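S.K.:
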Amino acid sequence: MAALVGTSIEWYDFYVYATAAAIIFPHIFFPEDLDPALATLASFGTYAVAFFMRPLGGIIFGHVGDKLGRKPALTITLILMGVATTLVGVLPGYAQIGIWGPILLILCRMVQGLAVGGEWGGASLMAVESAPPKWKTFYGGFTQVGNPLGALMATGAFWALSLLGQEALLAWAWRIPFLFSIVLIGVGFWVRYRVEETPVFAEKVEGQEQSTPLLFALKNNWSPIMLGFLIIAMSSGGYVIATTFVQNYADTPEIGLDPTIILGALTVASFVEMLVTLPIAALGDKIGAKMVMYIGVLSSFFVIIPLVLSIQAKNVALIWVFVILIRITLSGAWAPLSTLMAQMFRPQSRYTSMSLSYGLGAAVWGGLSPAIASLLLVITGGNFWSVVGFFGLLTIAAYIGVRFAPQHSDLAPVTGSFNARTDTTAVNTHD
Numbered sequence: 002m003a004a005l006v007g008t009s010i011e012w013y014d015f016y017v018y019a020t021a022a023a024i025i026f027p028h029i030f031f032p033e034d035l036d037p038a039l040a041t042l043a044s045f046g047t048y049a050v051a052f053f054m055r056p057l058g059g060i061i062f063g064h065v066g067d068k069l070g071r072k073p074a075l076t077i078t079l080i081l082m083g084v085a086t087t088l089v090g091v092l093p094g095y096a097q098i099g100i101w102g103p104i105l106l107i108l109c110r111m112v113q114g115l116a117v118g119g120e121w122g123g124a125s126l127m128a129v130e131s132a133p134p135k136w137k138t139f140y141g142g143f144t145q146v147g148n149p150l151g152a153l154m155a156t157g158a159f160w161a162l163s164l165l166g167q168e169a170l171l172a173w174a175w176r177i178p179f180l181f182s183i184v185l186i187g188v189g190f191w192v193r194y195r196v197e198e199t200p201v202f203a204e205k206v207e208g209q210e211q212s213t214p215l216l217f218a219l220k221n222n223w224s225p226i227m228l229g230f231l232i233i234a235m236s237s238g239g240y241v242i243a244t245t246f247v248q249n250y251a252d253t254p255e256i257g258l259d260p261t262i263i264l265g266a267l268t269v270a271s272f273v274e275m276l277v278t279l280p281i282a283a284l285g286d287k288i289g290a291k292m293v294m295y296i297g298v299l300s301s302f303f304v305i306i307p308l309v310l311s312i313q314a315k316n317v318a319l320i321w322v323f324v325i326l327i328r329i330t331l332s333g334a335w336a337p338l339s340t341l342m343a344q345m346f347r348p349q350s351r352y353t354s355m356s357l358s359y360g361l362g363a364a365v366w367g368g369l370s371p372a373i374a375s376l377l378l379v380i381t382g383g384n385f386w387s388v389v390g391f392f393g394l395l396t397i398a399a400y401i402g403v404r405f406a407p408q409h410s411d412l413a414p415v416t417g418s419f420n421a422r423t424d425t426t427a428v429n430t431h432d
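Residue numbers for the sequence shown follow the numbering used here, beginning at 2 and rising by one.
1. For Glu-274, tell me which candidate among Ala-21, Gln-145, Leu-376, Gly-114 has the shortest Cα-Cα distance.
2. Take the Cβ of Asp-259 as the centre, count every other Cβ of all protein chains shown within 10 Å, and call the residue buried at 16 or more, exposed below.
3. Give a yes or no on contact between the region 350-362 and the region 296-306, applying the rule of three or more CB pairs nearer than 8 Å.
4. Measuring CA to CA, which of Ala-336, Met-235, Pro-280 is closest to Thr-396?
5. Output yes or no for whether 8 Å exceeds the beta carbon distance between Leu-357 and Pro-56.
6. Spatial neighbours of Phe-385 within its chain, please: C-beta separation below 6 Å, excluding the five flanking residues on both sides.
7. Report yes if the C-beta distance between Ala-433 and Leu-331 is below 8 Å; otherwise report no.
8. According to the neighbour-count rule (16 or more other Cβ atoms, all chains shown, within 10 Å of its Cβ), is Gln-97 buried or exposed?
9. For Ala-421, I'd like the list of residues in its chain whose CB is within less than 7 Å of its CB, leaving aside the five on either flank, ordered along the chain.
10. DSSP on His-409, reduced to helix/strand/coil?
11. Val-17 and Ala-169 - do their beta-carbons sit closer together than 8 Å?
12. Would you kindly check if the distance between the Cβ of Thr-278 and the Cβ of Gly-336 is under 8 Å?
13. Would the beta-carbon of Gly-402 fall within 8 Å of that of Gly-229?
14. Going by Cα to Cα distance, which pick from Ala-161, Val-117, Leu-377 is closest to Phe-53?
15. Could you give the distance in angstroms between the alpha-carbon of Lys-68 and the alpha-carbon of His-28?
16. What three-state label does DSSP hand Asn-384 in the structure shown?
17. Using the Cβ count rule (16 or more neighbours within 10 Å means buried), how would you classify Thr-381?
18. Note the first and the last residue of the continuous alpha helix (DSSP H) segment covering Leu-69.
19. Is Phe-139 closer than 8 Å to Leu-5 when the C-beta atoms are compared?
20. Quick check on Asn-316: does DSSP put it in helix, strand or coil?
21. I'd like to know if the region 157-171 and the region 263-270 are in contact, where contact means that at least 3 CB-CB pairs between them fall below 8 Å.
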């Protein structure tokens, strides 16, 4: 529950910014005479900054988590994220302070990136390292539920506020979801402060003589770190295209859909994803986390095509169907991720290795994907099939990463096998 609550708050803060970057910030923090496409591209640029801070956050808080424990690292990340998000809610726009508006926005976003870079790996380990061997993917799924739950709160807040009208939303209402973060910090801090340290850290890491976590990770874990980087292609890059970028595309002058349509669909989709994440994670304990990942990665590619066509046709009913469906398929690439990546590394330097791998993947795939997709549309004259092709590249990268990812057990000696195994929890002392 500590992993779920804390991660939900972190992702709420992150998605509040992502939603605002798509529909609010181009109007607030950039000049009015700037071309709308360029304003959107600049807004997504501020969005991408946080992704490039994630690896640094993973190194900093991974060091804390590997040396002092998962608990102190996770408490600090929660506070940092909440403070940065709340500050965005009080920032003046370009009309008030000119270029300092986007500069301060970027600084707040950088702090967000540091915080979330250290959050996910620690929250995942908190759940997975405390789990019984046969339920590790299910326990890891609680961390993953935090993503759709945070997205549900974020898009739900903007959906409700959009009903006040575009003028009110741009004038003042957009600040409310950011300011609400201060309340969530208090709840999350109370939960995190009371949680126990994980048994794996207490038994196998704490009190042991250790090298510097980052140096150990780069020397011994570089190969699984790079494989994890590939796995994140769909979990991060594909995810932001199917949510944040699709939302912005539907709002372009060429499509011109009412923002409440996509916001409403994304809100309901987040709720559905929240419901299916744990059952999909539990399925990973039955057929293997890798098999669930294969299904999720491949099926997501085949759903993005009808989603694009339904948006171009402005068919509201089909838009809702495919927005919801792609969040379900993406859950296959997201629900088992905590456990799959935790088991790619040995206990020593696991927090640092996992966070660095995830942070690098999020920086490149998640941070650049909206900007690359926007650029592809500009280059091709608005041809969305170029974006679909890019989505296909993300699919291939994630499939390769899953295929060769090693899986270790906390109860068994380290295995050097890179063969794809559907059984990710059984003790294997002969491989």
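All C-beta atoms in this analysis are idealised placements derived from N, C-alpha and C, irrespective of residue type, glycine included. Please read these numbers as outputs of a predicted model, since none were measured by experiment.
M.R.: Judging by the given coordinates:
1. Walking along the sequence shown from the start, residue 274 turns up at place 273. Nearest of Ala-21, Gln-145, Leu-376, Gly-114 to Glu-274, Cα basis: Gln-145.
2. Indexing the sequence shown from 1 puts residue 259 at position 258. Answer is exposed; the Cβ neighbour count stays below 16.
3. no
4. On the sequence shown, residue 396 is found 395 positions in, with the first residue counted as 1. Of Ala-336, Met-235, Pro-280, the residue nearest in Cα terms is Met-235.
5. By one-based count along the sequence shown, residue 357 stands at place 356. By one-based count along the sequence shown, residue 56 stands at place 55. Cβ distance < 8 Å, so Leu-357 and Pro-56 count as in contact.
6. Taking the first residue of the sequence shown as 1, we reach residue 385 at position 384. Only Val-309 meet the Cβ criterion.
7. Outside the displayed span of the chain (2 to 432) sits residue 433, for which this structure offers no information.
8. Walking along the sequence shown from the start, residue 97 turns up at place 96. Exposed is the call here.
9. Working through the sequence shown from its first residue, we reach residue 421 at position 420. Because Ala-421 carries a pLDDT of 35, less than 50, the predicted location of this residue cannot be relied on, and the following value inherits that uncertainty. Here the set comprises Lys-291, Arg-404.
10. Along the sequence shown, one-based indexing puts residue 409 at 408. It is coil, neither helix nor strand.
11. As a working note, residue 169 is residue 168 in the sequence shown. As a working note, residue 17 is residue 16 in the sequence shown. No, these two residues do not count as a Cβ contact at 8 Å.
12. Numbered from its first residue, the sequence shown carries residue 336 at position 335. Numbered from its first residue, the sequence shown carries residue 278 at position 277. Residue 336 is actually Ala in this sequence, not Gly. For Ala-336 and Thr-278, yes; Cβs fall inside 8 Å.
13. Counted from its first residue, the sequence shown places residue 402 at position 401. Counted from its first residue, the sequence shown places residue 229 at position 228. In this structure, Gly-229 lies closer than 8 Å to Gly-402 by Cβ.
14. Residue mapping note: residue 53 aligns to position 52 of the sequence shown, counting from 1. That would be Val-117, whose Cα lies nearest to the Cα of Phe-53.
15. The residue you call residue 68 lines up with position 67 of the sequence shown. The residue you call residue 28 lines up with position 27 of the sequence shown. Taking the straight line from one Cα to the other gives about 44 Å.
16. In the sequence shown, residue 384 corresponds to position 383, counting from 1. Correct three-state label for Asn-384: coil.
17. Here residue 381 refers to the residue found at position 380 of the sequence shown. That one is exposed.
18. If you number the sequence shown from 1, residue 69 lands on position 68. It is not in any alpha helix (DSSP H) - Leu-69 carries neither H nor E in the DSSP assignment.
19. Translated into positions along the sequence shown, residue 5 becomes position 4. Translated into positions along the sequence shown, residue 139 becomes position 138. It is not a contact, given that the beta carbons lie outside the stated cut-off.
20. As a working mapping, residue 316 is identified with position 315 in the sequence shown. Of the three classes helix, strand and coil, the one that applies to Asn-316 here is coil, per DSSP.
21. yes
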